[in-house]
Structures are given as C-alpha cells and as structure tokens.
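Reviewing the structure listed below.
Protein chains: 2
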Amino acid sequence: MGGRDARQGRTTVTLEDVARAAGVHYSTVSRALDPTAVRRVSVDTRKHIQSVAKKMGYQPDMVATGLKRGRTQTVAAIVADLGNPSIAPVLRGIASRLEPAGFMSLFAETQDDSSRLERILNHLLSRRVDAIILTAGRVGDSRILRRFVGRGIPVVLALQGVPGIRLPSCTNDDLLGGTLAAQHLLGLGHRRLAQLRGRADVQSLSQRAKGFSKAIAAAGATEVIIPSTAPLGTADDGRRLMRVVLESKRAQPTGVFAHHDLMALGALTLAEERGLNCPRDFSIIGYHDLPNLERLVPALTTIRQPLEEAGRAASDMVLHILNSPSRQPRSHRLAPTLVVRQSTGPAPEPVIQTVRK
Amino acid sequence: MGGRDARQGRTTVTLEDVARAAGVHYSTVSRALDPTAVRRVSVDTRKHIQSVAKKMGYQPDMVATGLKRGRTQTVAAIVADLGNPSIAPVLRGIASRLEPAGFMSLFAETQDDSSRLERILNHLLSRRVDAIILTAGRVGDSRILRRFVGRGIPVVLALQGVPGIRLPSCTNDDLLGGTLAAQHLLGLGHRRLAQLRGRADVQSLSQRAKGFSKAIAAAGATEVIIPSTAPLGTADDGRRLMRVVLESKRAQPTGVFAHHDLMALGALTLAEERGLNCPRDFSIIGYHDLPNLERLVPALTTIRQPLEEAGRAASDMVLHILNSPSRQPRSHRLAPTLVVRQSTGPAPEPVIQTVRK
DNA sequence: TAGCCCGTGCCAAACGTTTGGCAATTGCAC
DNA sequence: GTGCAATTGCCAAACGTTTGGCACGGGCTA
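Take a look at the structure:
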C-alpha cells in the first residue's frame with residue numbers, strides 16, 4: 001500500500017479493475033477511454049477515470065477489442081525477402097505512417113514461396129489483421145489473393161504489381177528509370193549504348209529495358225542489343241553479360257546500363273580485368289543504389305528509387321481504404337532519380353575500342 | 358448447391374456454422390478439431406466433422422481463441438534495424454523453427470529507439486503475443502524489459518545480450534571470433550598485428566578485441582595498439598583508422614583485423630590508394646561476411662557467424678519455455694567460423710615497410 | 001434383470017471488450 | 001411545485017471460442 005507500482009505478478013489489469021478503483025461501472029470506463037464516444041460521459045468522470053486508468057497502467061486488450069469490434073488496429077506487410085536491401089526502407093516508410101494513425105505494423109516473409117504466402121495470409125486472416133500491404137507478389141499469387149480480397153480485407157500492393165488481379169498499388173516507374181539512364185549517357189555524348197538486362201518476364205525489368213531503348217531511339221543513337229538476359233541479377237550475371245559485350249565482333253558500346261547494381265559491379269570488374277578503364281574508356285550505370293557500394297572505385301552511377309516514400313504511399317492508401325471503404329484509391333507510380341557518381345563520364349573520342357586480351 | 362466454393366462474400370465461417378452443417382453441437386466441433394481433446398468425441402463423428410469443416414473452409418478465429426485461452430500462437434521477433442544484413446538470416450531461422458510448431462512469427466523494428474521498443478512491446482502485450490525474441494537490446498532497455506518479463510511473457514535474447522537484466526539468450530561467441538582472426542594471421546607468419554576496433558562500450562566488439570589481443574599475447578607476437586575506435590563501423594571509419602596505422606612512426610603491422618567488413622573495405626581501399634598491395638604487403642581480415650562483398654578484389658577473408666542457427670536456437674528456447682515454463686533454459690553461445698579468401702596471405706619478408714606517399 | 005460405469009454429446013459459463021437500450025438523476029420552464 | 005427533456009450511468013447481450021459439468025444411453029458384470 002502506498003508503494004510504487006502496487007500491482008504485481010503476471011495478472012493483467014482489466015476494465016473492471018479500473019471501474020472498481022474509480023467507483024463506476026466498467027462500461028462507463030470503456031466509454032470514458034474511447035475518444036469516439038466522448039459525449040456519453042461527463043467531463044469530470046471522464047477525467048477521473050482517465051487518471052485512475054493511467055495510474056493503474058491499464059491498457060485495453062486488443063484481443064478482446066478485436067473480437068468485439070472485428071478489427072485489431074494492426075496492418076501486416078508481407079515481403080518476399082527481408083535480406084533484399086530495398087525492403088527495409090519500404091517497411092520503415094510503412095511503419096512511419098501507420099504508427100501515428102494508431103496502427104501497429106507487423107512484418108512477415110514469404111521467402112518467395114507461394115505456399116508460404118498462403119499460410120501467412122491464413123494466419124493473418126485468422127488473427128483479424130485490418131489490412132495487408134504486399135510487396136511479394138508472384139505470378140501465381142492472384143488466385144490466392146482473390147480469396148482474401150473476397151473476404152473484405154484490404155490488400156495494397158507496393159513496389160511490384162501482381163499480374164492477374166487488380167489491386168490498388170504503389171510501384172516504381174521503371175520505364176522512367178530506364179529513360180533516365182539512357183538520357184544521362186546520351187547527355188554525356190555516348191552514341192553507342194548497350195544494356196545488361198534482367199529477366200524479361202519480370203515486369204519492372206522489361207519496363208527498364210523499354211524505357212532505355214525508346215530514349216535511345218528517340219535520340220537517334222544506336223543500341224547494341226545483347227540478346228541474353230540475367231536470370232538472377234547477380235555480379236556473376238553481370239560478368240557473363242559483359243563478356244558477351246566485349247567479345248562481340250561489332251563495334252563496342254561506350255555506355256552500358258545494367259539493370260542491377262550488382263550486375264554493374266560484376267561487369268565493371270570484368271572490364272577492368274581486361275584492361276579497360278571506367279569511366280575513361282566506357283561508362284556504366286546501375287540500378288537500385290545499393291548500400292555499401294558508394295565506396296567502390298569508381299563509385300557507381302545508379303538509379304535510386306524512392307523506397308521509403310513507396311512505403312508511406314502504400315500505408316496512406318491502406319488508411320484511406322480503412323477510413324472510407326467506399327471507393328478504391330488510385331494507384332501510384334513513383335519517379336526514380338538519377339544518382340551521378342564516378343562510373344559515368346564523357347564519351348571517349350570516337351575511335352573504335354579494341355579489347356586488349 | 359453443388360457449385361464450387363458455395364460460400365461467398367465477406368462473411369466468415371464459425372464453429373456454429375460447421376456445427377449446423379454437421380448436425381452436432383458447436384462444442385463438439387471444437388473438440389473434434391482440437392487435437393489435444395481427442396478422446397471426448399467418437400472417431401467417426403470426429404472424421405465427419407473434420408471433413409465438413411474442411412469443405413466449408415473453416416479456420417478457427419485466433420482472436421477468439423486468444424481471448425479464451427490467453428495465448429495466440431504468435432511469437433514476435435523484434436530487431437533494431439531490418440536493413441542490417443545479418444538480421445534476415447536470423448529471422449529466417451526463427452520462422453523455420455516456429456512454423457512447424459504451429460506458431461506464426463511476426464517481426465517488428467525498433468530503429469534502435471528505446472521509446473519505440475517500449476511502444477512495440479506494449480502493442481504486442483495487448484495483442485497477447487505468446488513470447489518475444491529480441492535482437493535489439495540497448496543499454497537502457499533493461500528497465501522496460503523488466504516490466505514485461507514480470508507480466509509472465511517469455512523474452513529470449515538473440516545475437517546480443519542486454520546489460521542489466523538476466524534473460525535466456527543465444528549470442529555469438531565474439532571472443533572466439535577475435536581469437537580465430539588472430540590465429541589465422543599468426544598461422545600465416547604475421548608477427549606484428551593490429552586491430553581496427555569498434556566501440557568499446559558494445560559488448561560484442563570489446564569481446565572481439567579481447568579475443569584477438571589474448572591470442573597474440575599467447576603466441577608471443579606483437580600487437581600494435583591503435584587507440585582510437587570506430588563509432589559506426591563504416592567504411593569511412595575503416596579508412597580513418599587505417600590512416601592512423603599507416604601514418605604512425607612505428608614499425609607497421611603486416612596483419613590487420615577489422616571489427617567489421619565495411620571497415621576492412623575502407624581500410625583496404627585507403628591502403629591501396631597509398632600504394633600497398635593486399636595480400637602481398639599486408640593482410641586484412643574482416644567480420645560478418647557481408648553479402649555482395651565476395652566479388653571484391655581481393656575478396657575479403659572474414660569471420661562468419663551462424664546467424665540462421667542463432668535464430669533457430671532462440672526459437673527452440675522459446676518453444677522450450679512455452680512447453681515447460683518451470684525452468685529457464687541455459688543460454689547458448691554460438692561459434693563463428695573463419696572464411697578464408699584472398700585478402701590474407703603469408704606475411705611479407707621481415708623488412709620494415711615504408712608507406713609511399 | 002438390475003446396477004455400474006464409461007463413452008458420447010450437449011449445455012452454459014467464461015475470456016475482456018463494445019454498445020444499444022433503459023433507468024435514474026438533474027436542470028429548466030411553466 | 002409539477003412536467004418535461006436532457007444528461008449521465010448501468011445493464012446485458014454480443015463477438016467466437018474453450019472447457020468443466022452433466023445427462024443420456026449402451027455394454028458389461030453379478
């Protein structure tokens with residue numbers, strides 16, 4: 001009695017405890033603490049109850065609330081791969097928006113496995129999560145997702161769309177990204193350009209390719225087509241594709257666009273092993289602006305996507321849907337930006353480069 | 358009637374729906390579906406009910422279950438920074454263990470902010486999460502955590518301990534890591550060694566330093582002490598500390614141990630800028646085995662920690678506590694391993710190196 | 001054939017909230 | 001001083017599940 005933190009042990013303090021302590025009925029406590037039901041309880045009882053509740057450390061049980069109200073003030077973000085360095089900023093953007101709105105954000109990982117996605121969605125549904133933000137869509141997932149949107153739980157897509165289902169989404173403008181890459185190289189005087197492409201069946205990558213090609217065509221410059229593509233977008237892929245470029249009999253491109261920073265990295269090291277100097281002999285530009293790569297020599301020019309903003313925008317959509325479920329929000333497309341570093345420079349004098357073996 | 362997926366709309370199917378369809382009381386359905394209550398219902402009613410439930414797509418509502426049972430079959434893992442590349446494998450290890458045990462694992466991020474940690478813990482508590490795995494401990498957090506262990510919810514620490522509170526934990530053996538680094542360099546014939554240290558007030562880092570120093574002393578070799586430490590462990594820090602080494606008037610070390618791969622990276626580029634060749638003139642070894650760095654030239658020799666195993670071990674502890682809350686499990690300490698690549702080699706001939714400016 | 005016990009299924013009370021409805025109280029105008 | 005409305009607080013039913021207890025019936029033993 002009179003001690004600090006009188007309550008102890010594993011017991012949890014309920015509405016009824018607060019009511020007893022405050023000398024009112026527990027439903028009055030519930031009303032006093034619910035900001036939307038202000039007018040049902042007088043202002044001084046309200047104040048009194050609030051102070052008692054605070055003193056007792058009362059915290060509403062979201063499980064009970066969830067059962068009664070049908071919503072749990074929780075939004076889940078599902079990602080394919082937590083190890084992907086692009087993901088953390090997105091999740092941070094999500095949390096930054098949801099938290100002030102009174103929602104908790106929880107994260108789960110599919111490991112790019114559709115069956116795991118299904119299990120996660122089942123779990124979340126049975127835990128009555130209020131909405132889902134998905135950055136992990138794969139081709140076959142529309143069937144699974146359809147079951148859930150049918151259940152009335154809002155699903156918003158971030159970063160990538162899911163083919164086969166129409167959902168509000170917030171993606172990056174990869175077409176513009178490819179265009180920016182091309183325009184940068186063209187602006188430096190390069191007239192023969194090539195791209196090291198990622199998988200054609202990934203929409204974002206094919207968009208990058210398209211934006212790049214169109215900008216080159218529009219400027220009347222030449223694109224040296226490399227037919228093969230990179231299955232994974234790793235440094236090894238980059239090396240392999242760059243080898244194709246360098247061993248081609250045709251005139252070499254002086255500007256290269258890699259669809260992924262790691263590919264650019266691999267391409268760069270291979271070219272330097274073969275005696276070429278970047279950016280003197282050729283320029284290269286990557287994509288993603290991966291962390292920890294700024295320190296490379298030469299530091300990589302790249303395309304940066306507004307990841308945190310993508311997370312924020314996706315959360316805003318979710319909040320919008322939860323507040324006014326009447327109408328679906330419009331999908332966004334966010335603009336990437338060019339980050340110029342040392343791996344791109346003026347086009348070399350127009351002498352056909354020969355590879356020194 | 359006869360159609361596929363007769364049920365539709367946003368309605369959810371409850372125990373009572375199943376009971377009506379199966380022609381039994383809903384409590385019988387509950388028992389038929391609960392594997393621990395097998396013996397209260399005959400085997401054929403059981404089978405019948407199960408098939409009906411499956412056909413109707415019944416899924417128990419964990420919110421209602423949670424309210425009644427007090428547990429939600431959910432474990433949360435809290436991390437400081439989702440962008441830290443060491444984290445994803447740990448979380449994957451956690452999920453891999455929890456999932457087959459019937460638990461869902463959810464992730465949350467503190468952004469290394471104690472107040473956010475407190476808010477997250479409150480949220481999780483009010484959502485009746487069954488246990489918490491924390492990899493985000495900071496010095497001041499013991500007070501916050503104490504409140505939660507008092508509430509009877511198991512907390513297990515992974516990767517790093519939290520000073521000031523005794524909790525079952527599963528950490529990496531940094532002392533051994535430092536020892537391995539030293540022994541590797543000593544085995545290559547290096548006799549003058551130095552370390553680029555991280556913050557002394559981070560326990561894991563001071564342990565690395567200690568292991569390294571002790572192994573050198575035990576071998577009768579010389580440690581060139583660099584007094585300053587790296588506040589962040591970035592490449593910039595590495596450059597700065599390496600500059601101190603190279604500009605010292607004393608005889609240069611030939612083997613260097615950086616407490617973080619990125620520091621090693623910075624140190625390496627600085628040394629090469631100053632005309633030194635790695636591994637001919639000096640060897641360097643990092644820590645963490647960061648992804649995407651294998652491709653560097655020279656590829657970094659480093660210490661790899663068993664991250665996924667740390668996640669698995671932490672989950673095992675959680676499951677153990679949940680199954681038999683009587684006794685606290687013993688804390689683990691996991692052994693890191695040495696990954697030899699190209700940045701370490703035989704010690705150069707014993708000629709005092711001079712830095713070419 | 002009577003008595004017991006066990007196997008089976010139903011009832012109803014919780015878990016901690018929210019919330020519509022109603023009763024009690026107050027303040028006001030006449 | 002009475003009637004009325006407005007204000008405030010209480011009751012109780014729900015949300016979907018778990019689970020102790022009880023009733024019923026049938027098979028066994030005596």
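Chains as they are written, first to last, in the working numbering: chain A, 1 to 357; chain B, 358 to 714.
Glycine included, every Cβ here is placed at the ideal spot set by N, Cα and C.
Query                                                                                                                         : Result
Span separating the alpha-carbon of A22(A) from that of V386(B)                                                               : 41 Å
Inter-residue CB distance, D618(B) and D646(B) (contact presumed, cutoff 8 Å)                                                 : 7 Å
The stretch 109-122 of chain A in contact with the stretch 56-74 of chain A per 3-pair CB rule at 8 Å                         : no
Where the beta strand (DSSP E) containing N529(B) begins and where it ends                                                    : 526-529
Spatially closest choice to Q699(B) from V581(B), L491(B), L622(B), by CA coordinates                                         : L622(B)
Touch test, the stretch 689-703 of chain B against the stretch 480-492 of chain B, Cβ-Cβ under 8 Å, three pairs minimum       : no
Extent of the continuous alpha helix (DSSP H) run through H677(B)                                                             : 664-680
Given 8 Å, three or more beta-carbon pairs between the stretch 418-436 of chain B and the stretch 647-664 of chain B          : no
Secondary structure of I303(A), DSSP reduced to three states                                                                  : strand
CA-to-CA distance, Q252(A) to R549(B), given in whole angstroms                                                               : 48 Å
Inter-stretch contact (C-beta, 8 Å, three-pair minimum) for the stretch 448-459 of chain B and the stretch 94-103 of chain A  : no
Residue-chain proximity (E466(B), chain A), Cβ-Cβ < 8 Å                                                                       : yes
Cα-Cα separation, T701(B) to V654(B)                                                                                          : 12 Å
Own chain partners of M263(A) with C-beta closer than 8 Å, once the 5 adjacent residues on each side are dropped              : L196, G198, A230, G233, T234, A235, D237, G238, L241, G286
Inter-residue spacing [alpha-carbon to alpha-carbon] between R600(B) and E272(A)                                              : 27 Å
Meets three-Cβ-pair contact criterion under 8 Å: the stretch 304-320 of chain A and the stretch 165-173 of chain A            : yes
Exposure of T36(A), with buried meaning 16 or more beta-carbon neighbours within 10 Å                                         : exposed
Euclidean distance between Cα positions of G137(A) and Q685(B)                                                                : 41 Å
Within-8 Å CB hit, L695(B) to chain A                                                                                         : no
Backbone secondary structure at E456(B) - three-state DSSP                                                                    : coil
Bounding residues of the alpha helix (DSSP H) (the contiguous stretch that carries S387(B))                                   : 383-390
Sub-8 Å separation of E665(B) and V381(B) beta-carbons                                                                        : no
Assumed close pair G255(A), L185(A) - CB separation to whole angstroms, cut-off 8 Å                                           : 4 Å
Close-in-space but distant-in-sequence residues of the same chain around V496(B) (CB under 7 Å, 5 per side omitted)           : P520
Cut-off 7 Å between Cβ atoms - residues of its own chain near K210(A), not counting five sequence neighbours on either side   : L175, G178
H123(A) at chain B interface by Cβ criterion, 8 Å                                                                             : yes
Contacts that P417(B) makes with chain A (C-beta to C-beta distance below 9 Å)                                                : S126
Local Cβ density within 10 Å of G507(B), reported as buried at 16 or more and exposed below that                              : exposed
Beta-carbon contacts of A539(B) that lie in its chain and below 6 Å, excluding the five residues immediately before and after : F569, A572, I573
Any chain B beta carbon closer than 8 Å to A64(A)                                                                             : yes
Other residues of its chain near R146(A): CB distance less than 7 Å, five sequence neighbours each side excluded              : I165
Near-chain B residues of the stretch 82-106 of chain A (beta-carbon distance less than 9 Å), N- to C-terminal order           : L82, G83, N84, P85, I87, A88, P89, L91, R92, A95, E99, M104, S105, L106
Same chain, Cβ closer than 7 Å to L516(B), neighbours up to 5 away in sequence not counted                                    : V447, T492, T528, N529, A667
Beta-carbon proximity check, L106(A) vs A465(B), cutoff 8 Å                                                                   : yes
Nearest-angstrom beta carbon gap, A76(A) and I132(A) [assumed within contact, 8 Å]                                            : 5 Å
Near-chain A residues of the stretch 611-640 of chain B - C-beta to any C-beta below 8 Å                                      : L619, L622, G623, T626
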